[in-house]
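Here the structure comes first, spelled out in structure tokens, and everything after it is commentary.
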Amino acid sequence: MIRSMTGFGRGHASTEDASATVEIQSTNKRHLNIFVHLPDPLPEAESDVRMQMKEAFERGQFDVNVSAELKGADTLPVDVDADAAMHHKRRLEQLAAAAQIEAPIRIDHLLEFEDIFAGEEEREAAKIQRAWPAVTQALDAAIDDLQAMRREEGDALRDDLERRTRAIDEHLDAIEARAPARVEERQAQLRDRLGALLDDEHLDADRLETEMALLADKLDVTEECVRLHSHLKMFREALDADEPSGRKLKFITQEIHREANTIGAKADDETISREAVEMKEEIEKIKEQIRNVE
Numbered sequence: 001m002i003r004s005m006t007g008f009g010r011g012h013a014s015t016e017d018a019s020a021t022v023e024i025q026s027t028n029k030r031h032l033n034i035f036v037h038l039p040d041p042l043p044e045a046e047s048d049v050r051m052q053m054k055e056a057f058e059r060g061q062f063d064v065n066v067s068a069e070l071k072g073a074d075t076l077p078v079d080v081d082a083d084a085a086m087h088h089k090r091r092l093e094q095l096a097a098a099a100q101i102e103a104p105i106r107i108d109h110l111l112e113f114e115d116i117f118a119g120e121e122e123r124e125a126a127k128i129q130r131a132w133p134a135v136t137q138a139l140d141a142a143i144d145d146l147q148a149m150r151r152e153e154g155d156a157l158r159d160d161l162e163r164r165t166r167a168i169d170e171h172l173d174a175i176e177a178r179a180p181a182r183v184e185e186r187q188a189q190l191r192d193r194l195g196a197l198l199d200d201e202h203l204d205a206d207r208l209e210t211e212m213a214l215l216a217d218k219l220d221v222t223e224e225c226v227r228l229h230s231h232l233k234m235f236r237e238a239l240d241a242d243e244p245s246g247r248k249l250k251f252i253t254q255e256i257h258r259e260a261n262t263i264g265a266k267a268d269d270e271t272i273s274r275e276a277v278e279m280k281e282e283i284e285k286i287k288e289q290i291r292n293v294e
């Protein structure tokens with residue numbers, strides 16, 4: 001299964017404390033680049049967002065946009081440390097009991113203790129703690145949505161790549177069918193040219209056979225065709241692999257292009273040259289497509 005590196009995913013989640021929306025846009029990139037855009041008070045959570053993204057994707061450039069809103073408009077502008085407040089209340093009650101004072105503990109008594117109000121760092125940490133469950137749920141949903149789109153795009157890429165490899169197979173079959181006759185024709189032309197230049201009694205038959213053997217070797221594309229068949233087989237296997245195979249497909253395509261170039265250079269034949277050119281046109285289109293494969 002192959003996946004495209006381009007796509008868009010969106011997720012929304014809501015908890016008792018907050019609601020969050022995450023949008024992810026991905027484009028093709030050789031390596032993994034992640035850009036995270038978080039609102040206040042979430043900048044400290046960027047490393048966690050990056051970690052979730054790295055677990056989900058291998059390659060590509062990602063823009064992750066997070067919006068979050070805390071619920072409860074009636075919350076105080078400062079946060080109260082409930083544990084500290086209860087601690088001081090108990091201490092005051094103990095003190096009142098020891099002094100045999102029966103007056104109740106009032107709020108103004110507790111306001112004397114500054115540590116019951118959370119500081120700036122504590123307030124920000126509390127906000128992150130409240131918002132993060134909604135953010136992580138929305139991020140998971142956005143990742144799932146993006147992966148679904150990348151798989152769908154990958155299926156379309158796979159269909160196109162398979163069609164182009166079949167076209168290369170057809171051109172390769174035509175080259176293999178033409179190659180033996182092309183060698184025989186060139187050998188016959190060599191024999192005719194030498195026969196016209198030399199008298200039959202002075203023609204060195206052994207030398208002629210040697211020259212024809214050298215010519216056949218020079219024109220022979222059997223090895224290139226065999227390697228090209230092998231590369232095409234590996235290409236199809238990479239398309240079926242479970243893991244991301246974009247880098248492997250790129251390498252195999254380079255090897256396919258190398259063999260096609262060699263065949264074209266050794267052609268010395270109109271039919272084979274035409275088939276090699278058309279084959280390389282398909283290879284160039286494959287190169288463009290696999291730039292977008294994860």
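For the sequence shown, full-length UniProt numbering gives the first residue as 1, with consecutive numbering after it.
Idealized CB from N, CA, C, for every residue including glycine.
On the DSSP letters alone, give me the boundaries of the beta strand (DSSP E) that residue i sits inside.
i: PHE62; result: 60-70
i: VAL36; result: 32-37
i: ALA45; result: ALA45 -> no beta strand (DSSP E), and no H or E assigned at all.
Any C-beta of chain D sitting closer than 8 Å to the C-beta of residue i?
i: MET53; result: Protein chain content of the structure displayed is limited to a single chain, and chain D is not contained in it.
State the Cα-Cα distance for the pair residue i and residue j, rounded to the nearest angstrom.
i: LEU249; j: MET5; result: 14 Å
i: GLU224; j: MET53; result: 43 Å
i: PHE8; j: GLU16; result: 28 Å
i: ASP269; j: VAL221; result: 12 Å
i: LYS280; j: ASP159; result: 19 Å
i: THR21; j: GLU152; result: 23 Å
i: HIS167; j: ARG274; result: Looking at the sequence itself, residue 167 is Ala, so the reference to His does not match. The straight-line gap from Cα to Cα measures roughly 14 Å.
i: SER47; j: ARG150; result: 24 Å
Under the DSSP definition of a beta bridge, which residues are partnered with residue i?
i: THR21; result: HIS12, SER67
i: GLY7; result: SER26
i: VAL293; result: SER4
Between which two residues does the alpha helix (DSSP H) harbouring residue i extend?
i: GLU255; result: 246-266
i: ILE105; result: Note, ILE105: premise wrong, no alpha helix (DSSP H); not H, not E.
i: ALA84; result: 82-98
i: PHE57; result: Where PHE57 is concerned, there is no enclosing alpha helix (DSSP H), given that its DSSP letter is neither H nor E.
i: PHE235; result: 222-240
Evaluate residue i with the Cβ neighbour count: other Cβ atoms within 10 Å of its Cβ, from every protein chain shown; 16 or more gives buried, anything less gives exposed.
i: PHE35; result: exposed
i: VAL277; result: exposed
i: ASN33; result: exposed
i: PRO104; result: exposed
i: PRO244; result: buried
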